[in-house]
Amino acid sequence: MKENNLQLYNTISRKKEAFIPLNPPFVGLYVCGPTVYSDVHLGNCRTFISFDLIYRYLLHLGYKVRYVRNITDAGHLEGDRDEGDDKFSKKARLEQVEPMEIVQRYTLGFHEVMRSFNTLPPSIEPTATGHIIEQIEMIKEILRNGYAYEVNGSIYFDVEKYSKDYNYGELTNRKLEDLLENTRSLGGQDEKRGRLDFALWIKAKPEHIMQWPSPWSVGFPGWHIECSAMSTKYLGKTFDIHGGGMDLQATHHTNEIAQSQAYNHHAPVKYWIHTNMLTVNGVRMSKSAGNGFLPHELFSGNHPLLDKGYHPMVVRFFMLQTHYRSTLDFSNTALQAAEKGFARLTAAIKTMYQLKTDNVSVSNIQQWVNDCYQAMNDDFNSPVLIACLFEAVRIINSVNDQKETISAEDLQLLQDTFKAMFFEVLGLQNINETASSSSNKALETVMEIILEQRKEAKQRKDFATSDMIRDRLATGGIVIKDTKEGTNWHVE
RNA sequence: GGUCUCGUGGCCGAGCGGUUAGGCAGAGGUCUGCAAAACCUUGUACAGCGGUUCAAAUCCGCUCGAGACCUCCA
102 MKENNLQLYN
112 TISRKKEAFI
122 PLNPPFVGLY
132 VCGPTVYSDV
142 HLGNCRTFIS
152 FDLIYRYLLH
162 LGYKVRYVRN
172 ITDAGHLEGD
182 RDEGDDKFSK
192 KARLEQVEPM
202 EIVQRYTLGF
212 HEVMRSFNTL
222 PPSIEPTATG
232 HIIEQIEMIK
242 EILRNGYAYE
252 VNGSIYFDVE
262 KYSKDYNYGE
272 LTNRKLEDLL
282 ENTRSLGGQD
292 EKRGRLDFAL
302 WIKAKPEHIM
312 QWPSPWSVGF
322 PGWHIECSAM
332 STKYLGKTFD
342 IHGGGMDLQA
352 THHTNEIAQS
362 QAYNHHAPVK
372 YWIHTNMLTV
382 NGVRMSKSAG
392 NGFLPHELFS
402 GNHPLLDKGY
412 HPMVVRFFML
422 QTHYRSTLDF
432 SNTALQAAEK
442 GFARLTAAIK
452 TMYQLKTDNV
462 SVSNIQQWVN
472 DCYQAMNDDF
482 NSPVLIACLF
492 EAVRIINSVN
502 DQKETISAED
512 LQLLQDTFKA
522 MFFEVLGLQN
532 INETASSSSN
542 KALETVMEII
552 LEQRKEAKQR
562 KDFATSDMIR
572 DRLATGGIVI
582 KDTKEGTNWH
592 VE
């Protein structure tokens, strides 16, 4: 494991803390995954890309990370009253298919999107439906400990009782009285005793499609209990990092803490990490607001707010240019700026492997390496790391232009660190490699011949012909650029 | 109403008491038959008003503005 002084912002203490794992070199990381009843939108993706960065950096530092990210495929209710349909049943009924068909379709879609963003798969990706027994066992224990009650076959968590022994609102720094004051009052037919109480187990109505037997009723688990059950099963009663989007902080994570403490009297998590939201024109992207961008809309440019499509790596780079705890606003101009910057970065990588070395280095490469690590050690500050990479671009180009020199040893260090930061830590990939499909091969052959002709025309100063070739290629969507090394081309 | 963020140069976006963040755009230059591209150089910004301090974008107070959570959402 590398020496490090990683600092991370802990939501529960509201400050940056030194990262000290419970059992080094092992690290337990749990992230709340998607509810798979519809396509993931870009806001969801941002969260998972942020945690991919965190996961990657921990791995880079040499930690043995067990990364658990669940798939919610049951129990997530439509309304806020712990009644009515869960989201899968509703969608299934709407589309006349099995709920598990819905789950399967959107799980596959989710994985495909995650792959396009080059995120590493988690170590374990457990599903709620695969852990019904664990959830029932946990509910039993919470009941035995006196923090839950049964009404008509449903089980509810007793927040009032819990609050006598623990601080319910600690994650969001809220007092119970304030929470009570600002929660809507109970409806007449509500089974819950307290207005903050939430369901652990819900008795299914006869028409409900997804249901399982339990000691209390044939029904299905509440939303929050799955994460408590699965994180406990795979990471233990107390583990290092729990993450998720900021929108989960107040309700979902607060209830997770309550369940875990009611279950085993342990605070479940040492460090809570919350990622900020993606916004569109300053408003949060969300399913309910209807302003969600789908990844494929962004890749293809097929969306009223977009001028053109962007490669997944450009989007990933764009997102990493903002710190994970800041909101990120989506716009064409910002995306275009990212695209150009990214191209400059990848071009420099190519140059970096062609540099000539000298006896001494002008720039302090070791200092630059330190700067890179310092950026990431400061709460995973990817924007600052990217600024460091651009500083390296400046050095690389200066050496290339023979405006400064670099020693062989320093060049090696520069290459190794740049590569590690760009590919391993930021998880970026080169995108200008031409795919070697057969049609591309054919096109390459044609272009080779055409550019040969143009070169000959230029040599005999027949610029009318050379310009004609250039213009007509441009009309056809092929752009050519003359450089010292020859002529490059690419399809627009 | 309660809890809490945030307001940085044309745009995006770091910074968390004293040093150039960075990217994009713009300007100047190098290269080039021309063009484009590429590369180099370049900008002194911190919502307003007070206060603390030798020193504030950075700390404190007030004002104005934007947003989030408190109800399902990453």
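Read the first sequence against our numbering and you will find it ends at 593, with the numbers running on by one and no gaps.
Every residue, glycine too, gets a C-beta built ideally from N, C-alpha and C.
The model shown is predicted, which means the values in this text are computed figures rather than measured ones.
Where N111 falls: helix, strand or coil (DSSP): Translated into positions along the first sequence, residue 111 becomes position 10. Strand at N111.
Determine the contact status of V169 and M331, defining contact as a CB-CB distance below 8 Å. Within the first sequence, the letter at position 68 stands for residue 169. Within the first sequence, the letter at position 230 stands for residue 331. In contact: V169 and M331 (Cβ atoms closer than 8 Å).
Evaluate Q349 with the Cβ neighbour count: other Cβ atoms within 10 Å of its Cβ, from every protein chain shown; 16 or more gives buried, anything less gives exposed. Translated into positions along the first sequence, residue 349 becomes position 248. Per the sequence shown, residue 349 should be read as Leu rather than Gln. Of the other Cβ atoms in all chains shown, 16 or more fall within 10 Å of the Cβ of L349; this residue is therefore buried.
Starting from the Cα of N487, find the closest Cα among R417, D266, L544 and S508 and give me that residue. To locate residue 487, count along the first sequence from 1; it is residue 386. For clarity, residue 487 is Ile in the given sequence; the question names Asn instead. Of R417, D266, L544 and S508, the residue nearest in Cα terms is R417.
Sort out for me which residues DSSP pairs W373 with in a bridge. As a first step, residue 373 must be located in the first sequence, where it is residue number 272. According to DSSP, W373 bridges with H343.
Alpha carbon of R182 to alpha carbon of A305, nearest angstrom: Taking the first residue of the first sequence as position 1, residue 182 is located at position 81. Taking the first residue of the first sequence as position 1, residue 305 is located at position 204. Unreliable placement is indicated for R182, whose pLDDT of 49 sits below 50; the coordinate value is still reported in the next sentence. Their Cα atoms are separated by approximately 14 Å.
Could you tell me which whole beta strand (DSSP E) segments of length 3 or greater appear in the stretch 148–176? As far as the stretch 148–176 is concerned, its whole beta strand (DSSP E) runs of at least 3 residues are 165–170.
Counting only the same chain and skipping the five closest in sequence on each side, list residues whose C-beta sits under 7 Å from that of N106. Taking the first residue of the first sequence as position 1, residue 106 is located at position 5. Cβ within range, chain order: A119 and N478.
Ordered along the chain, which non-local residues of its own chain (more than five positions away) have a Cβ less than 7 Å from that of H161? Indexing the first sequence from 1 puts residue 161 at position 60. Close CB contacts of H161 within its chain, under the 7 Å cut and outside five residues either way in sequence, are with A521, E525 and V526 (chain order).
With a Cβ-Cβ cutoff of 8 Å, do L159 and V128 count as a contact? Counting from 1 along the first sequence, the entry for residue 159 is found at position 58. Counting from 1 along the first sequence, the entry for residue 128 is found at position 27. Yes; because the gap between Cβ atoms is below 8 Å, this pair is in contact.
Check the DSSP bridge columns for N589 and list the partner residues they point to. The count along the first sequence starts at 1 and reaches residue 589 at position 488. In DSSP, N589 forms a bridge with K582.
Let me confirm a value: A390 is counted as buried when at least 16 other C-beta atoms fall within 10 Å, else exposed. Which label applies? Taking the first residue of the first sequence as 1, we reach residue 390 at position 289. Its Cβ having fewer than 16 others within 10 Å, A390 is exposed.
Applying the 10 Å Cβ sphere with the 16-neighbour rule, what's the burial state of Q197? Start at 1 with the first residue of the first sequence, and residue 197 comes out as number 96. Classification of Q197: exposed, given that the 10 Å Cβ count is below 16.
In angstroms, rounded to a whole number, what distance separates the CA positions of I496 and V485? On the first sequence, position 395 is the one that residue 496 refers to. On the first sequence, position 384 is the one that residue 485 refers to. One Cα belongs to I496, the other to V485, and the distance between them is close to 17 Å.
Buried versus exposed call for G144 [16 or more other C-beta atoms within 10 Å across all chains shown]: Here residue 144 refers to the residue found at position 43 when the first sequence is read from its first residue. That one is buried.
Specify the secondary structure class of K293 as computed by DSSP and reduced to three states. Your numbering for residue 293 matches position 192 in the first sequence. Coil at K293, not helix or strand.
If I'm right that P322 touches Q205 with Cβ under 8 Å, what's the distance once you round it to whole angstroms? Position 221 of the first sequence, counted from the start, is the residue given in the question as residue 322. Position 104 of the first sequence, counted from the start, is the residue given in the question as residue 205. About 20 Å separates the beta carbon of P322 from that of Q205, a gap too long to meet the 8 Å contact definition.
Confirm, please, whether the CB-CB distance from V470 to T595 is below 8 Å. The question about residue 595 has no answer, for the chain in this structure spans 102 to 593.
Length at least 4, wholly inside the stretch 477–519: the alpha helix (DSSP H) runs in chain order: The alpha helix (DSSP H) runs of length 4 or more contained entirely in the stretch 477–519 are, from start to end of the chain, 483–501.
Thinking just about the alpha-carbon of each residue, which of N392, S387 and G410 is nearest to the one in E398? Here residue 398 corresponds to residue number 297 of the first sequence, with the count starting at 1. The shortest Cα separation from E398 among N392, S387 and G410 belongs to G410.
Among H412, S432, A368 and V370, which residue has its Cα nearest to the Cα of T380? By one-based count along the first sequence, residue 380 stands at place 279. It is S432 whose Cα lies nearest to the Cα of T380.
Take H354 as the anchor and find which of H366, N365, K338 and I326 has the nearest alpha-carbon. Within the first sequence, residue 354 is the residue found at index 253, counting from 1. Between H354 and the set H366, N365, K338 and I326, the nearest pair of CA atoms involves I326.
I think M347 touches N377, with their Cβ atoms under 8 Å apart; what is that distance to the nearest whole Å? By 1-based counting over the first sequence, the position of residue 347 is 246. By 1-based counting over the first sequence, the position of residue 377 is 276. Going by Cβ atoms, the distance from M347 to N377 rounds to 6 Å, so yes, they are a contact pair.
If you draw a straight line from the alpha carbon of Y454 to that of A448, how long is it in whole angstroms? In the first sequence, residue 454 corresponds to position 353, counting from 1. In the first sequence, residue 448 corresponds to position 347, counting from 1. Y454 and A448: Cα-Cα distance of roughly 11 Å.
So, using beta-carbon positions, are G344 and F152 closer together than 8 Å? Counting from 1 along the first sequence, the entry for residue 344 is found at position 243. Counting from 1 along the first sequence, the entry for residue 152 is found at position 51. Yes. Within cutoff.
How big is the Cα-Cα spacing for S537 and L512? One-based indexing of the first sequence puts residue 537 at position 436. One-based indexing of the first sequence puts residue 512 at position 411. The pLDDT assigned to S537 is 49, lower than 50, so where the model puts this residue is not dependable; a value taken from the coordinates is nonetheless given after this. Rounded to whole angstroms, S537 to L512 spans 31 Å at the Cα level.
How many whole angstroms separate the CB atoms of Y364 and E261, which I take to be in contact at a CB cut-off of 8 Å? Reading the first sequence from its first residue, position 263 is the one you call residue 364. Reading the first sequence from its first residue, position 160 is the one you call residue 261. Wrong, their Cβ atoms sit about 18 Å apart, outside the cutoff.
Determine the direct distance from the alpha carbon of F443 to that of I595, and round the result to whole angstroms. The requested residue 595 is not part of the displayed model; the chain covers only 102 to 593.
Quick check: L368 and Q360, are their CB atoms within less than 8 Å of each other? Numbered from its first residue, the first sequence carries residue 368 at position 267. Numbered from its first residue, the first sequence carries residue 360 at position 259. The residue asked about is misnamed: residue 368 is Ala in this sequence, not Leu. A368 is not a Cβ neighbour of Q360, given a cutoff of 8 Å.
Let me check understanding here. Comparing Cα to Cα, which of H404, P316, L280 and S224 lies closest to W87? Here the chain comprises residues numbered 102 to 593, so residue 87 is not present and cannot be evaluated.
From Q108 to G210, what distance separates their C-alpha atoms? For the purposes of this step, residue 108 is taken as the residue at position 7 of the first sequence. For the purposes of this step, residue 210 is taken as the residue at position 109 of the first sequence. If I take the Cα positions, the gap works out to 34 Å.
I think L336 touches Y131, with their Cβ atoms under 8 Å apart; what is that distance to the nearest whole Å? For the purposes of this step, residue 336 is taken as the residue at position 235 of the first sequence. For the purposes of this step, residue 131 is taken as the residue at position 30 of the first sequence. About 6 Å separates the two Cβ atoms, so the contact holds.
Looking at the structure shown, is N124 part of a helix, part of a strand, or coil, going by DSSP? As a first step, residue 124 is located in the first sequence; it is residue number 23 there, counting from the start. Note: N124 maps to strand in three-state DSSP.
Taking the DSSP output, what are the residues bridged to P223? In the first sequence, the residue the question calls residue 223 occupies position 122. According to DSSP, which records beta bridges pairwise, P223 is partnered with nothing at all.
Rounded to whole angstroms, what is the Cα-Cα separation between T434 and G231? What you label residue 434 is simply residue 333 of the first sequence in a count that begins at 1. What you label residue 231 is simply residue 130 of the first sequence in a count that begins at 1. G231 has its alpha-carbon roughly 44 Å from the corresponding atom of T434.
Please classify G180 as buried or exposed, where buried requires at least 16 other C-beta atoms within 10 Å of its C-beta. Locating residue 180 in the first sequence gives position 79, where the first residue counts as 1. Note that G180 has pLDDT 47, beneath the 50 cutoff, so the model's placement of it is unreliable and no number is given.
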